[in-house]
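Student: For the protein sequence lines, the chains are A and B, in the order given.
Here the first sequence stands for residues 1 to 274, numbered as in my numbering.
Here the second sequence stands for residues 1001 to 1276, numbered as in my numbering.
Think of the CB as a built atom: it goes at the ideal place given N, C-alpha and C, for glycine as much as any other residue.
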Amino acid sequence: MDEQTMIYLGLTMLILVLLIVNASAFGVFGFAIAILGLLGAIVILVLNYADFILFPVITGIFGIKITPAKGYYIPKSSSSVIKYVNGLYYATGYLTANVYSYVFAAESIDQTEEQKLGEAPDKWERIVMNAGFPFRFNILSVAEDVQRYREELEGARGTLEFKLSKEESSSQPSQLTIDDLNKKMGILDARINRLSAGERPVDAVMYIETTAVGVSEKEAQDSLSNQLAHLQTLFNSFDLSINRVVGREVYNLFTFNYSLPDSDLLGQTFSTQK
Amino acid sequence: MAVSQRFLFSLLIMVSFVFTALTYVLVSDTVIKIVLALLAIFTDILAFSTKLYMSFFIPFLTMKGRNAIIDDTEPFTLAPSGNAIVVRRGSDIFASAFLKIPTYRSATEMNDEEKIDFSRLFSRALTITKSPVKFGAQLYVINKDAYINNIKDKLNEAEERYQNASVSKTISKADSERIRGEVTMWHNLFDSVNRVRSQALEAFAMITAQGGSEEEAINLALQQADELASGVSSVFGITATTAEGPDLLKFIEPDYMIPTATVSEQMRQRSMGSGA
């Protein structure tokens, strides 16, 4: 969780706690106020962790159509962006596609990782051959500040070292804990070594975009759903975390076609994907 | 005037805090206290939602009927030079440039070690610049209008050469047969071009720069694109070039990714096929 989210969550929750603590001052309605305060807290947590559920529910119930730019609209299902040109509907949808298990997040390239890296180009070509419809795989990357990242890693390593020495000097040291701490320190060492070798830390957001065409909005959307399901099946061979993007993020991804956000905005928008 | 997200959050959280404080201070009227508590909860939730929903706040509040308009202007304008797009958001001006990254090698012609190296090169390419960059690979429908015209030209050219060859006495029979073979090849290609789905894969990179004016933003974006092109070219050993005109629009507009005329033709043929 980033600092901004922590501050926002902390302040909003504080107000709700103050209301719940003061519930007795509302007399017979005290219980109702406490329940409402708790419901408020739940809504805030849902907004923070699962707004992709809440947003389409709201637009669906009220039938709200969003116009992100001239010639485009996001239908009430909030699952695609539609453009109407020359009597045809172009529906564009998105899938998240985080390549967690490949080079970007890997801390050590062991035998399995080597194998995965070797197989990746073949898998990619097989996907392209079998897709049979237009799609786009996007990686939005932002380089982090090397010095700040190194300091963070060294700080985390120092904490682990302290825990390890404390565990080792205790009267009954646990071998499991020691092994775990050693493993974590190994990961941090590998990251620090990669920085020393000149590699830059990168934050990346990855997503797949596909467009389907139809003579009606429904045909385009149905066709889009089929294409997205087909892509999900094809990209499964990559061992990816794939989900259809719905709600607010559809609008964000649409805007990324025209201009990229700065690293701060990217962090705020996709903090869970970083 | 655009309201900053942090300002709106601060304002709403302060209002919520004041409502909450009043529920502590007021001792007499329970009804007023309940109303204040409800307002405090509402503004509290509203304050948190500014974090994610800032773009939707004003459109939702001002929407007519059931249509929330975030922006009713064109999503971008093409730079006069045709090699960048310009986006205006309030007083902010952004320009984005696109690089075409050609790939000449297929995995089928690489050995295991080369495949691993290629994947690592790809990883290194992501760290070339500190600015946000979007790398993409796009499978798109080839614009058959241009493709068909190109084949037609080649066919006409080959037919003309064949006619000249057939009346010429200096050209050998073998050469004449070769030109006839070429004519047949272009004929076959021309006949089959509408029957098969023609798609192409192209890799690209996109970079955005902000400027005080359109010209400044465009120049900065193109400058950053040049730097990125040098990096990408040296990593992959290829020549990355800046995309222009329709080549650029193909990366952003769905009707350029899937050309309308080509799709209409495919749909017409599909419906004729199902009707037959």
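#1: Per the contact definition of three or more C-beta pairs closer than 8 Å, is the segment 207 to 222 of chain A in contact with the segment 70 to 88 of chain A?
#2: Mind checking A1221 of chain B: buried by the 16 CB within 10 Å criterion, or exposed?
#3: With DSSP as the reference, please indicate the residues paired to A1209 of chain B in a beta bridge.
#4: Out of A:P261, A:W124, A:N86, A:K163, which one is the CA nearest neighbour of T177 of chain A?
#5: Alpha carbon to alpha carbon, how far is A1021 of chain B from G30 of chain A? Give it in angstroms, no decimals.
#6: Around the Cβ of A1174 of chain B, are there at least 16 other Cβ atoms within 10 angstroms (buried) or fewer (exposed)?
#7: What number of angstroms, rounded off, separates the C-alpha of T1127 of chain B from the C-alpha of A1229 of chain B?
#8: Taking L1078 of chain B as the reference, give the member of B:E1244, B:T1208, B:A1225, B:Y1256 with the closest Cα.
#9: Taking P1132 of chain B as the reference, which of A:Y94, A:S141, A:F133 has the closest Cα?
#10: Mark M1206 of chain B as exposed unless 16 or more other C-beta atoms lie within 10 angstroms of its C-beta, in which case mark it buried.
#11: Could you check whether the Cβ of E167 of chain A sits closer than 8 Å to any Cβ belonging to chain B?
#12: For L188 of chain A, which residues from the same chain have a beta carbon less than 8 Å from its beta carbon, with the 5 sequence-adjacent residues on both sides left out?
#13: For E3 of chain A, I'd like the list of residues in its chain whose CB is within less than 8 Å of its CB, leaving aside the five on either flank, ordered along the chain.
#14: What are the partner residues of R1088 of chain B, as DSSP defines its beta bridges?
#15: Using a Cβ cut-off of 9 Å, pull out every chain A residue sitting near Q1223 of chain B, in sequence order please.
#16: Given that Y1024 of chain B touches chain A, what residues does it touch there, using C-beta distances under 9 Å?
#17: Comparing the C-beta of V142 of chain A with each C-beta of chain B, is any distance below 8 Å?
#18: CA-CA distance, T211 of chain A and I35 of chain A?
#19: Which chain B residues sit within Cβ distance under 9 Å of S170 of chain A?
#20: Please name the residues in the segment 1061 to 1072 of chain B whose beta-carbon is closer than 8 Å to at least one beta-carbon of chain A, in chain order.
#21: Rounded C-beta distance between I127 of chain A and L234 of chain A? I'm assuming under 8 Å.
#22: What do you get for E249 of chain A, buried or exposed, if any count of 16 or more other CB atoms within 10 angstroms of its CB means buried?
#23: Got a sec? Which residues, its chain only, sit under 6 Å from T1239 of chain B by beta carbon, not counting five neighbours each side?
#24: Please confirm if A229 of chain A has its CB atom under 8 Å from at least one CB of chain B.
#25: On a CA-only basis, which of B:L1061, B:E1113, B:N1143, B:A1125 is nearest G1136 of chain B? Give me that one, please.
#26: How far does the beta strand (DSSP E) with L1139 of chain B in it reach, from first residue to last?
#27: Rank B:L1011, B:L1038, B:V1015 by C-alpha distance to the C-alpha of A23 of chain A and give the top, closest one.
Tutor: Reading off the structure:
#1: As far as the Cβ criterion goes, the segment 70 to 88 of chain A touches the segment 207 to 222 of chain A, which means the pair count is three or higher.
#2: Locating residue 1221 of chain B in the second sequence gives position 221, counting from the first residue. Taking a 10 Å sphere around the C-beta of A1221 of chain B, we find 16 or more other C-beta atoms and assign the residue as buried.
#3: Here residue 1209 of chain B refers to the residue found at position 209 when the second sequence is read from its first residue. Secondary-structure assignment with DSSP links A1209 of chain B through a beta bridge to B:A1095.
#4: Residue mapping note: residue 177 of chain A aligns to position 177 of the first sequence, counting from 1. Looking at the Cα atoms, A:K163 is the closest of the given residues.
#5: By 1-based counting over the first sequence, the position of residue 30 of chain A is 30. By 1-based counting over the second sequence, the position of residue 1021 of chain B is 21. Those two C-alpha atoms are separated by around 16 Å.
#6: Residue numbering aside, residue 1174 of chain B sits at position 174 when the second sequence is read from its first letter. That one is exposed.
#7: Taking the first residue of the second sequence as 1, we reach residue 1127 of chain B at position 127. Taking the first residue of the second sequence as 1, we reach residue 1229 of chain B at position 229. Computed Cα separation, rounded: 13 Å.
#8: Looking up residue 1078 of chain B in the second sequence gives position 78. That would be B:E1244, whose Cα lies nearest to the Cα of L1078 of chain B.
#9: Locating residue 1132 of chain B in the second sequence gives position 132, where the first residue counts as 1. Cα-wise, what sits closest to P1132 of chain B is A:S141.
#10: Stepping through the second sequence from its first residue, residue 1206 of chain B is reached at position 206. Its Cβ being crowded by 16 or more others within 10 Å, M1206 of chain B is buried.
#11: Locating residue 167 of chain A in the first sequence gives position 167, counting from the first residue. Chain B contact via Cβ: absent.
#12: By 1-based counting over the first sequence, the position of residue 188 of chain A is 188. Its chain contains L153, A156, R157, L160 as the residues whose beta carbon lies nearer than 8 Å to that of L188 of chain A, once the 5 sequence neighbours on both sides are disregarded; these appear in chain order.
#13: Walking along the first sequence from the start, residue 3 of chain A turns up at place 3. Excluding residues within five positions, none has a Cβ falling inside 8 Å.
#14: Position 88 of the second sequence, counted from the start, is the residue given in the question as residue 1088 of chain B. Beta-bridge pairing links R1088 of chain B to B:I1093.
#15: Here the question's residue 1223 of chain B lines up with position 223 in the second sequence. Identification of chain A residues near Q1223 of chain B by a Cβ-Cβ cut-off of 9 Å yields none; the smallest Cβ-Cβ distance measures about 16 Å.
#16: If you number the second sequence from 1, residue 1024 of chain B lands on position 24. Simply L18, N22, A25.
#17: Sequence index remark: in the first sequence, residue 142 of chain A carries index 142 (1-based). Using a CB distance cut-off of 8 Å, V142 of chain A counts as an interface residue toward chain B.
#18: Translated into the one-based positions of the first sequence, residue 211 of chain A becomes position 211. Translated into the one-based positions of the first sequence, residue 35 of chain A becomes position 35. The alpha-carbon atoms of T211 of chain A and I35 of chain A are separated by roughly 45 Å.
#19: As a first step, residue 170 of chain A is located in the first sequence; it is residue number 170 there, counting from the start. For S170 of chain A, no chain B residue has a Cβ inside 9 Å of its Cβ, as the nearest lies near 41 Å away.
#20: Flagged, chain order: M1063, R1066, N1067, A1068, I1069, I1070, D1071, D1072.
#21: Here the question's residue 127 of chain A lines up with position 127 in the first sequence. Here the question's residue 234 of chain A lines up with position 234 in the first sequence. The Cβ separation is near 5 Å, so the contact holds.
#22: Here residue 249 of chain A refers to the residue found at position 249 when the first sequence is read from its first residue. Sixteen is the threshold: when 16 or more other Cβ atoms of the shown chains lie within 10 Å of the Cβ of E249 of chain A, as they do, the residue is buried.
#23: Counted from its first residue, the second sequence places residue 1239 of chain B at position 239. Taken in chain order, the residues that qualify are S1233.
#24: Residue 229 of chain A sits at position 229 when you count from the first residue of the first sequence. Closer than 8 Å: no.
#25: In the second sequence, counting from the first residue as 1, residue 1136 of chain B sits at position 136. Of B:L1061, B:E1113, B:N1143, B:A1125, the smallest CA-CA separation from G1136 of chain B is found for B:A1125.
#26: Position 139 of the second sequence, counting from 1, holds the residue named residue 1139 of chain B. In the DSSP assignment, L1139 of chain B falls within the beta strand (DSSP E) that extends over 1133 to 1141.
#27: Along the first sequence, read from residue 1 onward, the residue named residue 23 of chain A stands at position 23. Among B:L1011, B:L1038, B:V1015, the Cα nearest to that of A23 of chain A belongs to B:L1038.
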